[in-house]
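Residue numbers (this note's numbering): 1422 to 1860.
Shown next as structure tokens:
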């Protein structure tokens, strides 16, 4: 009995912990989603690690200009199987300390350091670029969730209206006001609207799953999205000019700066390749000693007698390298040319993104204003048709048609609303402004 009581307590504690864990997720605003994704997204963290790895490469490149120092020792055993040998075996040991330093390599080492520093800046901008991609993906997923949630509400409202019509028609059919066929049509409409509720709910779950994946949340974690209090002014807010947006994007977007640095890095790569034609000089120095058993003198005296010091300078002058250096220079020039073309391509791609987002925002705002008017008239039409249906002036088909037109108009308003909001948020991102401030 005591064991059962303990198990029950443990289960209650586990359930309480799980419930508390769910509570810690709280209500998710767009700002909270963005902050969480930028901290926990796996792809973004991998990009940050790549940047840190590049920092280590820079430290290594800087260290190449300093001397290297290597200590070495060798211990050996030799067997002499011949019968006339004085001793059949001997032991030997050598000890050395060697230093090596590059004096000149045509500026290769300094150029490599500069190129690696440029690469660090490129990697840093790549982190920012990935963060922007995550921002865009989170904004899209979040607004899709809000859209889907409102779509569920509209579908539920339409289904409730259909149910009320069906119930009222059932009473009318009992008293002979309408035919069984009319009632069947309204029952079919109600079933269709209930199906749309299920479809809308499935879409909402799918969008929530996409958002949770971007945030690296567990599939079992529950998410309650904050419902923003949006006014018409938020949807129809004035947009900056397309030229101003593009100009600001050229200054702030990391991919543009990354493209310019890629050109600089390629030019340094060309300079590095040209160093292959230049002579190189290196300085070597070392000390060493050794001993061997059976040799004259004790091991201690051998170590001192064999102690030696050496120093030398090596100069290498390339004369013929089987066209290796020439090929390296030509390929570096082609890489530099490609980097300049890539920079132009990045600028064109950004222009296309900005123009597309701008046109979508302008179009969505216009569609929203038109859809609001259409929805107002569609609602009036449905209300009049419903009243006339009760009086027997309108038939079932006309009632269902009016209801479906009103539902479709509400969906059009909803779609235009969130398309406009998405366009506004994308333009904010392209201008380097804060995202999700109103959600």
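Note that CB positions come from ideal geometry on N, CA and C, so glycine has one too. Keep in mind it's a predicted model, so treat the numbers as computed, not measured.
(request) Compare the C-alpha of residue 1676 against each of 1629, 1548, 1701 and name the closest. (result) Locating residue 1676 in the chain shown gives position 255, where the first residue counts as 1. Comparing alpha-carbon positions, the option among 1629, 1548, 1701 lying closest to residue 1676 turns out to be 1548.
(request) Can you tell me which of the three DSSP states residue 1687 falls into? (result) Here residue 1687 refers to the residue found at position 266 of the chain shown. Three-state DSSP puts residue 1687 in a helix.
(request) Could you give the DSSP three-state label for residue 1852: helix, strand or coil? (result) Within the chain shown, residue 1852 is the residue found at index 431, counting from 1. In the structure shown, residue 1852 sits in coil (DSSP, three-state: anything other than H, G, I, E or B).
(request) For the segment 1617-1630 and the segment 1553-1572, state whether three or more C-beta atom pairs, one from each stretch, are separated by less than 8 Å. (result) Touching, per the Cβ criterion.
(message) Using only CA atoms, which one of 1824, 1673, 1461 lies nearest to residue 1768?
(response) Along the chain shown, one-based indexing puts residue 1768 at 347. Ranking 1824, 1673, 1461 by Cα distance to residue 1768 puts 1673 first.
(message) Please report the straight-line C-alpha distance between residue 1770 and residue 1851, rounded to a whole angstrom.
(response) For the purposes of this step, residue 1770 is taken as the residue at position 349 of the chain shown. For the purposes of this step, residue 1851 is taken as the residue at position 430 of the chain shown. Cα to Cα, residue 1770 sits roughly 12 Å from residue 1851.
(message) Once DSSP output is grouped into helix, strand and coil, what is the label at residue 1750?
(response) Here residue 1750 refers to the residue found at position 329 when the chain shown is read from its first residue. DSSP places residue 1750 in helix when its eight states are reduced to three.
(message) Measuring straight from C-alpha to C-alpha, what distance separates residue 1765 and residue 1479?
(response) For the purposes of this step, residue 1765 is identified with residue 344 of the chain shown, where counting begins at 1. For the purposes of this step, residue 1479 is identified with residue 58 of the chain shown, where counting begins at 1. Taken atom to atom, the span from the alpha-carbon of residue 1765 to that of residue 1479 is near 28 Å.
(message) On a Cα-Cα basis, can you pick out the residue from 1602, 1708, 1487 that is closest to residue 1515?
(response) Counting from one through the chain shown, the residue named residue 1515 turns up at place 94. With respect to the C-alpha of residue 1515, the residue from 1602, 1708, 1487 having the closest C-alpha is 1708.
(request) Evaluate residue 1460 with the Cβ neighbour count: other Cβ atoms within 10 Å of its Cβ, from every protein chain shown; 16 or more gives buried, anything less gives exposed. (result) For the purposes of this step, residue 1460 is taken as the residue at position 39 of the chain shown. By the 16-neighbour rule on beta-carbons within 10 angstroms, residue 1460 is exposed.
(message) So within the segment 1460-1503, which uninterrupted alpha helix (DSSP H) runs reach at least 4 residues, ignoring any that extend past its ends?
(response) List check, alpha helix (DSSP H) in window: 1463-1484.
(message) Among the candidates 1595, 1560, 1690, whose CA atom is the shortest distance from the CA of residue 1750?
(response) As a first step, residue 1750 must be located in the chain shown, where it is residue number 329. Residue 1690 is the option with its Cα nearest to residue 1750.
(request) Keeping to the same chain, check which residues put their C-beta closer than 8 Å to that of residue 1742; ignore five residues upstream and five downstream. (result) Position 321 of the chain shown, counted from the first residue, corresponds to residue 1742. Beyond the five residues adjoining it in sequence on each side, residue 1742 comes within less than 8 Å, by CB distance, of 1697 in the same chain, given in chain order.
(request) Enumerate in chain order the residues of its own chain whose CB-to-CB distance from residue 1512 is below 6 Å, with the five nearest sequence positions on each side excluded. (result) In the chain shown, the residue the question calls residue 1512 occupies position 91. For residue 1512, where only same-chain residues beyond five positions count, the Cβ hits under 6 Å are 1498, 1714.
(message) Closest to residue 1661 by C-alpha separation, out of 1759, 1780, 1646, 1502, would be which residue?
(response) Within the chain shown, residue 1661 is the residue found at index 240, counting from 1. Nearest Cα to residue 1661 within the set 1759, 1780, 1646, 1502: 1780.
(request) Grab me the residues of residue 1645's own chain with a C-beta within less than 6 Å of its C-beta, minus the 5 sequence neighbours each way, in chain order. (result) Taking the chain shown and counting its residues from 1, the one referred to as residue 1645 is at position 224. Same-chain partners within the cutoff: 1448.
(message) Quick check: what's the CA-CA separation for residue 1563 versus residue 1845?
(response) Your numbering for residue 1563 matches position 142 in the chain shown. Your numbering for residue 1845 matches position 424 in the chain shown. Going from the Cα of residue 1563 to the Cα of residue 1845 covers about 14 Å.
(message) In the DSSP output, what is residue 1758 paired with across the bridge?
(response) Taking the chain shown and counting its residues from 1, the one referred to as residue 1758 is at position 337. In the DSSP output, where bridge partners are listed per residue, residue 1758 has none listed.
(message) Could you tell me the alpha carbon to alpha carbon distance between residue 1393 and residue 1693, rounded to whole angstroms?
(response) Coverage of the chain is limited to positions 1422 through 1860, which leaves residue 1393 absent and any answer about it impossible.
(request) Assess, as a yes-or-no matter, whether the segment 1731-1747 is touched by the segment 1544-1558 under the definition of 3 or more beta carbon pairs within less than 8 Å. (result) With contact defined as three or more Cβ pairs closer than 8 Å, the segment 1544-1558 and the segment 1731-1747 are not in contact.
(request) Under 8 Å by Cβ, that's how I've got residue 1702 and residue 1525 pegged, so tell me the actual separation to the nearest angstrom. (result) Here the question's residue 1702 lines up with position 281 in the chain shown. Here the question's residue 1525 lines up with position 104 in the chain shown. About 5 Å separates the Cβ atoms of residue 1702 and residue 1525, confirming a contact at the 8 Å cut-off.
(request) Buried or exposed for residue 1849, please, with buried defined as at least 16 other CB atoms from any protein chain shown within 10 angstroms of its CB. (result) Mapped onto the chain shown, residue 1849 falls at position 428. Under the 10 Å beta carbon count, residue 1849 is surrounded by 16 or more other beta carbons and is classified as buried.
(request) From the DSSP output, read off the bridge partner residues of residue 1449. (result) Residue 1449 sits at position 28 when you count from the first residue of the chain shown. Looking at the DSSP assignment, residue 1449 forms a beta bridge with 1646.
(request) Identify every residue that forms a DSSP beta bridge with residue 1612. (result) The residue given as residue 1612 occupies position 191 in the chain shown. Assignment of beta-bridge partners to residue 1612 by DSSP yields no partner.
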